[in-house]
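Asks: Residue numbers (my numbering), protein chains in the order written: chain G, 312 to 589; chain X, 3 to 325; chain L, 2 to 328.
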Amino acid sequence: MWKIIWRRFLRNRLTVFGALIILSLAVVAVIAPLLAPFDPNQQDVLHRLEPPSSKHLLGTDDLGRDLLSRVIYGTRVSLLVGLVAVGIAIIIGSLLGLLSGYFGGWLDTLIMRIVDIMLCFPTFFLILMVIAFLEPNIWNVMAVIGLTGWPGLTRLVRGECLSVREREFIQAAKALGLSNMRAMFVHLLPNVMAPILVTATLGIGGAILTESALSFLGLGVQPPTPSWGNILTSGKDYISIAWWLSLYPGLAILVTVLAYNLLGEGLRDVLDPKMMAE
Amino acid sequence: MLEYIVRRLLFMIPLLLGITIITFVVVHLSPGGPADMLIGLTPKVGAEAKARLHSLYGLDKPIHVQYWAWVKRIVRFDFGESFKDGRSVITKILERLPATLLLNILSLLLIFFVSLPIGIMSAVKQDSFFDKGMTLFVFLGFSVPTFWLALLLMLLFGVGLGWLPISGIHSVNFPFLSFLGKIWDLIKHLILPVFISAFGGLAYLSRYSRASLLEVLRQDYIRTARAKGVPEKDVIYKHGLRNALIPIVTLLGLSLPGLIGGGFIFETIFAWPGMGRLGYQAVMSRDYPVVMGVGVIAAFLTLLGNLIADITYALVDPRIRYR
Amino acid sequence: MLKIKDLSVDFYKGGKRIQALRNVSLNLKRNEILGIVGESGCGKSTLALSVLKLIPEREGKILSGEVLFKEEDLLKLSDERLLEIRGGKISIIFQDPFTSLNPVFRIGKQISESFALHRKEEPFTSRMDEEVIRLLELVKMPRPEDVIWSYPHQLSGGMQQRVMIAMALSSNPEILIADEPTTALDVTVQKEILDLLTELQKKLGLSILLITHDFGIVAQVCQRVLVMYAGIIVEEAFTHEIFRKPLHPYTRGLLESLPSRKGPVSSPRGEKRRLKAIPGQVPDPSNLPSGCKFHPRCPMVIDGCKPEEPVLREIAINHWVRCIRAG
């Protein structure tokens, strides 16, 4: 079965393209110190706000720091935030979704009400509010994005559970005396994996967008740590004189999120019908 | 139908309750505790003064009493006074609300009138060059950080070409302009913000319209329409579209929260004097009463959007209207 | 009346090209009810849809053949003329009336749309209402004055199918194609609808092409019948003849697998028998057997069945079979 999935995966060129980009970015993040020509925090006030040149391929920012190096290091932030935030959301969301879908009854109603309430708030503002009350730093950002992201996943997982639960093998397994725990994790979960994976991939893209927006507003990753979002803050401030500060970090975000979206959509096509045919 | 609306309204009550709970919890999360929230004191104030203010504001009372007090205040839209200038929070919000609503309503209209034709065209000419191009465009639309797009457009149209203003709602010389001049000035200021605000929704709704219409065209009743001898144009636009519009129109109402949420970013970028910008400034200056006020109002507007979506759904789908 | 000659149709499903019909020919005579019977997937619905070119381009393609209605080849008509024929001279009703009716339009509007299309009149004049009511009375609809203001989901299955029939008959067609019109209905309602169809046929002088998988319906309603398997016709005869003496092994298998009961479907010795099923499965349309398509499942198969597809031979008067071992 995995071989079939793999082959289908390879057939969709855009998806593969997305995957390759993500892999490259991961590599960049890991070997950032080796790749960056300058120390991203090294200031050189004499050479501030210089346009792209052969020395500073992407130019310098308002404190004379090399933009290329900062963008490269920014990859780490994005990757970290994406993975951790979505990781949190997935764990909470899947767990609650499984519980809700498997047990039903009052537990289901309770969880679904909570989901509805959470979905009531414009997510971004909720995040904003929470960050305002806490301190803006990367850990809080990751936590908050994760904690506001799980409701959607819960609904999805619950829906999948409901349709799978009715299938006979669950009844059969339970008739054989299978414990609830095992039924949920060993039998139900694998069938629900596909949409979780798709949502997770697309979710990473979303988390990166949210983090960069927060950092842009000054409520996310704080300088001097480079995040694509907070570089864009100075981009805004110096918009009329340093266009490169606005262009390149945003481009990085665009390419990254696009890659995740392509991968996610591709996974959706590859995994879903196959799973259903099984 | 009436029964349906009543049910939706009843359903909203626990949600409203939830809003009060969540906002209450968030307030108590802040490091300084709700004392800071109500008093806005710097840490330099002595412990004794703080204790006095605690009892004055009822902060030493048990938590459910505090909660109840909070609920009572919310119901009256009493969020206290702003730390920055001492004015009533609700007044400040109401001043800014029209600007935000103007932006959001125009965005919704833009989204509807642009993404619908795109979606329809994509569905009718499935897999054509147009369709594939639009799909690509939509993908990019999903992936682009809107605030960055705003910056780029500002660069292009504002700084580079100088065609459009990049901040505010009025130009400096606004009071001196003629009536038509004022209208044109307003429009010029609206173009970029509305476009940015609508951008995400445009991408999403185009995709959704396409999917909706495609799904509808696969249905049996479309086949019946053709079998009756209905010309293909009418099959799509009369029989098909009417059905496809049902989920689309509902979705419009549900887009409102997204617009409000996004408003915080681009109202700030474009210095648009709306509720979003107010909220952002309040967050930055730790003006907690205003933050709470904006948060609650935003949540209410979201609920309102959902309610409107539900009602619209009931209006356009006869299966709901007549049970 | 309607002559189909050598119709071949392919389908596209999940990226694969599937053979749906091959060289199907039939002749629907005036005032007759012709049944087309076969299992799911044998191509009978495809046949029905192809007559009016109702298969969307993305889903299927008519490869070759002619569909002659009074000397006009329907497959080669201009778009305009095709629209006139559809719902005008030739109408079709479908299997599931609930999904076949547009959920957002009222019944009256849906029926009068047909009037507007084929009689060139404006919809919803008060005269139109009267005509719609009369049409609904023709199909024995209870309380037609209320029904015309209803939406499809407010009606029962039987009523919905009557609406479909009414729509189909609104412009006095000469031919009615009924694609499994009772399959989605309750058994009691089935009989009502079938009786209605037979009565209307006599009253209006219709020619009906009835598609079904149920031999019982064939026995009740059809004068002649065609048996289809895997996209081809394997037997064709008058109804009573086919029950009396089925010649193709597939037909025989079908008839024998029906539960035994009083009537034409008991064994020659009139005794109760165990339910017999035809061994094997309907072939995968993308991977059809060579030669006679039924040979892998045929109890009478010989070597000669494998290389080449047999032709349709007239074994008895008006009784055609596609089998080298028949007769």
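Ideal placement from N, C-alpha and C gives every residue a C-beta, glycine not left out.
This one's a predicted model, so the numbers in the text were calculated from it and none came from an experiment.
1. With DSSP as the reference, label aspartate 129/X as helix, strand or coil.
2. Which residues does DSSP list as the beta-bridge partners of lysine 6/L?
3. Taking DSSP as the reference, what is the three-state secondary structure of valine 452/G?
4. Quick check: what's the CA-CA separation for leucine 48/L versus isoleucine 94/L?
5. Could you have a look at glycine 88/L and say whether DSSP puts it in helix, strand or coil?
6. In three-state DSSP terms, what is isoleucine 56/L?
7. From what residue to what residue does the alpha helix (DSSP H) around threonine 315/X run?
8. What is the DSSP secondary structure of valine 189/X, reduced to helix, strand or coil?
9. Using 8 Å for Cβ pairs, my map puts isoleucine 209/L next to leucine 177/L. What's the rounded Cβ distance?
10. Quick one: what does DSSP say phenylalanine 12/L is sitting in, helix, strand or coil?
11. Of all Cβ atoms in chain G, is any one closer than 8 Å to the Cβ of phenylalanine 199/X?
12. Can you give me the Cβ contacts of threonine 252/X inside the same chain, cut-off strictly under 7 Å, excluding the 5 residues immediately before and after it?
13. Between which two residues does the alpha helix (DSSP H) harbouring asparagine 323/G extend?
14. Among Thr512/G, Thr521/G, Ser545/G, whose alpha-carbon lies nearest the alpha-carbon of tyrosine 571/G?
15. With 7 Å as the C-beta to C-beta threshold (strictly closer), list the residues of the segment 99-111 of chain L near chain X in chain order.
16. Is histidine 249/L buried or exposed, if buried means 16 or more other CB atoms sit within 10 Å of its CB?
17. If you draw a straight line from the alpha carbon of valine 392/G to that of alanine 518/G, how long is it in whole angstroms?
18. Could you have a look at histidine 358/G and say whether DSSP puts it in helix, strand or coil?
19. Is the shortest distance between the beta-carbon of histidine 191/X and the beta-carbons of chain L less than 8 Å?
20. Can you look up tryptophan 321/L in the DSSP assignment and give me helix, strand or coil?
21. Which residues of chain X have a Cβ atom closer than 7 Å to the Cβ of methionine 440/G, listed in chain order?
22. What are the boundary residues of the beta strand (DSSP E) that includes threonine 226/X?
23. Just to confirm my understanding: we take proline 348/G, look at its own chain, exclude 5 residues before and 5 after, and list those with CB closer than 7 Å. What are they?
24. Please classify lysine 263/L: does DSSP put it in a helix, a strand, or coil?
25. Would a check of beta-carbon distances place arginine 264/G closer than 8 Å to chain X?
26. Could you please give me the residues that DSSP links to glycine 61/L through a beta bridge?
27. Who are the neighbours of phenylalanine 95/L on chain X, taking C-beta pairs under 9 Å?
28. Taking just the CA atoms, how far does histidine 172/X sit from aspartate 1/X?
29. Under a CB-based cut-off of 8 Å, is valine 568/G close to chain X?
30. In angstroms, rounded to a whole number, what distance separates the CA positions of proline 290/L and serine 258/L?
31. To the nearest angstrom, how far is the alpha carbon of aspartate 215/L from that of glutamine 224/L?
32. Helix, strand or coil: how does DSSP classify phenylalanine 95/L here?
33. So, at 6 Å on beta carbons, what are the nonlocal neighbours of lysine 90/L in its own chain, with the 5 sequence-adjacent residues on each side left out?
34. Looking at the C-beta of methionine 277/X, does it have a partner C-beta in chain G at a distance below 8 Å?
35. Please give me, in chain order, every unbroken run of the beta strand (DSSP E) with length at least 3 that falls completely inside the segment 139-202 of chain L.
36. Considering only residues of the same chain and omitting the five flanking positions on each side of glutamate 73/X, which have a CB-CB separation below 7 Å?
Replies: Considering the structure as presented:
1. In the three-state scheme derived from DSSP, where H, G and I count as helix and E and B as strand, aspartate 129/X is classed as coil.
2. Beta-bridge partners assigned by DSSP to lysine 6/L: Glu67/L.
3. Here valine 452/G sits in helix by DSSP.
4. Whole-angstrom Cα-Cα distance: 14 Å.
5. If DSSP states are grouped into helix, strand and coil, glycine 88/L belongs with coil.
6. In the three-state DSSP reduction, isoleucine 56/L falls in the coil class, being neither helix nor strand.
7. Just to set this straight, residue 315/X is tyrosine in the shown sequence, not threonine. Run containing tyrosine 315/X: 290-318, per the alpha helix (DSSP H) assignment.
8. The displayed chain sequence assigns isoleucine, not valine, to residue 189/X. In the structure shown, isoleucine 189/X adopts helical secondary structure according to DSSP, grouped into three states.
9. Rounded, the Cβ-Cβ distance is 5 Å, consistent with contact.
10. Looking at phenylalanine 12/L - three-state DSSP - the assignment turns out to be strand.
11. The displayed chain sequence assigns serine, not phenylalanine, to residue 199/X. Chain G, which has no Cβ nearer than 8 Å to the Cβ of serine 199/X, makes this no.
12. Once the five neighbours on either side are set aside, the close Cβ partners of threonine 252/X are Ala311, Thr314, Tyr315.
13. Element bounds for asparagine 323/G: n/a, residue is neither H nor E.
14. Minimum Cα distance to tyrosine 571/G is reached at Thr512/G.
15. Near chain X, meaning a CB-to-CB distance below 7 Å, the residues of the segment 99-111 of chain L are Thr100, Ser101, Leu102, Asn103, Pro104, Val105.
16. By the 10 Å Cβ count, histidine 249/L comes out buried.
17. Answer to the nearest angstrom: the Cα atoms are 7 Å apart.
18. Looking at histidine 358/G - three-state DSSP - the assignment turns out to be helix.
19. So no, histidine 191/X is outside the interface.
20. In the structure shown, tryptophan 321/L sits in a strand (DSSP, three-state: E or B).
21. What methionine 440/G touches in chain X: Val28, Val293, Gly297.
22. For threonine 226/X, there is no enclosing beta strand (DSSP E); the enclosing alpha helix (DSSP H) covers residues 222-229.
23. Taken in chain order, the residues that qualify are Asp377, Leu379, Ser380.
24. In this prediction, lysine 263/L scores a pLDDT of 48, lower than 50, which makes its location untrustworthy; no coordinate-derived value is stated.
25. Because chain G in this structure spans residues 312 to 589, residue 264/G falls outside the shown range and cannot be described.
26. Note: glycine 61/L sits in a beta bridge opposite Phe12/L.
27. The answer, in chain order, is Asp222, Arg225, Thr226, Ala229.
28. In the structure as shown, chain X starts at 3 and stops at 325, and residue 1/X therefore has no counterpart that could be examined.
29. Valine 568/G counts as touching chain X.
30. Inter-residue distance for proline 290/L and serine 258/L is about 23 Å (C-alpha atoms, whole angstroms).
31. The C-alpha of glutamine 224/L is placed about 15 Å away from the C-alpha of aspartate 215/L.
32. In the three-state reduction of the DSSP assignment, phenylalanine 95/L falls in the coil class, being assigned neither a helical nor a strand state.
33. Within its own chain, the residues whose Cβ lies closer than 6 Å to the Cβ of lysine 90/L, once the five positions on either side in sequence are excluded, are Pro174, Glu175, listed in chain order.
34. Between methionine 277/X and chain G, the shortest Cβ-Cβ separation is not below 8 Å.
35. Secondary structure within the segment 139-202 of chain L: the beta strand (DSSP E) runs of 3 or more consecutive residues, fully enclosed, are 176-180 (chain order).
36. The residue asked about is misnamed: residue 73/X is valine in this sequence, not glutamate. Around valine 73/X: Thr22.
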